[in-house]
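Peer 1: If you scroll down you'll find the structure; I have some questions about it.
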Amino acid sequence: MDDTGKVQSVKEQIVSNISGLSLSTLRKQRYYGTGIPYMKLGKAVRYDLRDVYAFLQNAKVFPRG
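In this text, residue positions in the sequence shown follow our numbering: the first is 201, and each later residue adds one.
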């Protein structure tokens, strides 16, 4: 949600640009039920920007040493 309480939903192309994941990878992840949470609105697929950024944050690896 943004400051007004609305979900900021974006198309898969935007998620691909933000995350660096290809459209093919995003589609495979949806098919297998993995990856970034998404919404289905009819045939349209949308991602909540908060979920995208949370997914990327959780994917961080902190090297030891």
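The C-beta atom is built at its ideal place from N, Cα and C for all residues, glycine as well.
Since the model is a prediction, treat every value here as computed from it, not as a measurement.
Apart from the five residues just before and just after V252, which ones in its own chain have a Cβ nearer than 8 Å to its Cβ?
Peer 2: Closer than 8 Å at the Cβ level, and outside the excluded window around V252, lie V210, V215, I218, S219 and I236.
Peer 1: Below 8 Å on the Cβ atoms is my guess for M239 versus R246; work out the distance and round it to an integer in Å.
Peer 2: Their Cβ separation, rounded to whole angstroms, is 5 Å, which keeps M239 and R246 in contact under 8 Å.
Peer 1: Verify whether the separation of the beta carbon atoms of Q213 and D248 is less than 8 Å.
Peer 2: No; because the gap between Cβ atoms is not below 8 Å, this pair is not in contact.
Peer 1: With distances taken Cα to Cα, identify the nearest neighbour of A244 among K206, L256, R227 and T234.
Peer 2: Looking at the Cα atoms, R227 is the closest of the given residues.
Peer 1: So if DSSP puts Y247 in a beta bridge, which residue, or which two residues, is it bridged to?
Peer 2: DSSP output for Y247 lists V210 as bridge partner(s).
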